[in-house]
Amino acid sequence: MSPLKASEAQLFYANLLNKLTLFGFTVLIVAFVVYVSGLLGSYVPIEKVPEYWTQSSHNYLTAANIHPGWDWLARLRYGDFLIYIPIVILAGATIVCYLGVIFKFLKTKEYILMVIAIFEVAVLLAAASGLLQVGGH
Numbered sequence: 005m006s007p008l009k010a011s012e013a014q015l016f017y018a019n020l021l022n023k024l025t026l027f028g029f030t031v032l033i034v035a036f037v038v039y040v041s042g043l044l045g046s047y048v049p050i051e052k053v054p055e056y057w058t059q060s061s062h063n064y065l066t067a068a069n070i071h072p073g074w075d076w077l078a079r080l081r082y083g084d085f086l087i088y089i090p091i092v093i094l095a096g097a098t099i100v101c102y103l104g105v106i107f108k109f110l111k112t113k114e115y116i117l118m119v120i121a122i123f124e125v126a127v128l129l130a131a132a133s134g135l136l137q138v139g140g141h
């Protein structure tokens, strides 16, 4: 029995995902160091953080005057919001990888897989956009 061989699309996806996760993890460490060093001030004062630990997400957002959704983009000047950048990189890595394999599937004429990947990207982008208002937030 011969060992299984990964396709060009699988190798592309895996290599790109590896690079993006390593990059995201590196940015995560940098953002954490910036936050704990105090290079950027915190939006939520560190002495108030324990007060929020026991609250629900909704109550925390209300008490801290934070709006759900994409409001964090306006607060990237604060160290405690800088951490969102690596989270977006890590969460968006799958979308970037799918976008890459769409072209691989087109090149190899694997049209059904290409359409599935396009739908995957559409669903993930819709979910990330906040257009699908489901859940408790």
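Just so we're aligned, residue 5 is where the sequence shown starts under this note's numbering, counting upward by one. Where is the CB? At the ideal position from N, CA and C, for every residue including glycine.
Notebook entry, point to check: Buried or exposed: residue 84, going by 16 or more other Cβ atoms within 10 Å of its Cβ?
Noted result: buried
Check: What are the start and end residues of the alpha helix (DSSP H) that includes residue 19?
Finding: 12–41
Next item on the list: Check whether the region 77–92 touches the region 114–127, counting contact only when three or more Cβ pairs, one atom from each stretch, lie closer than 8 Å.
Entry: no
Margin query: If you measure between the beta carbons of residue 48 and residue 35, is that distance less than 7 Å?
Written below: no
Check: What's the gap between the Cα of residue 110 and the Cα of residue 46?
Finding: 46 Å
Check: For residue 14, which of 115, 79, 105, 76 has the nearest alpha-carbon?
Finding: 105
Next item on the list: Could you please give the first and the last residue of the uninterrupted alpha helix (DSSP H) stretch that includes residue 116?
Entry: 115–133
Item checked: Buried or exposed (CB count within 10 angstroms, at least 16 for buried), residue 28 -> buried
Notebook entry, point to check: Taking the alpha-carbon positions, what's the residue 81 to residue 126 distance?
Noted result: 30 Å
Notebook entry, point to check: Is residue 54 closer than 7 Å to residue 65 when the C-beta atoms are compared?
Noted result: no
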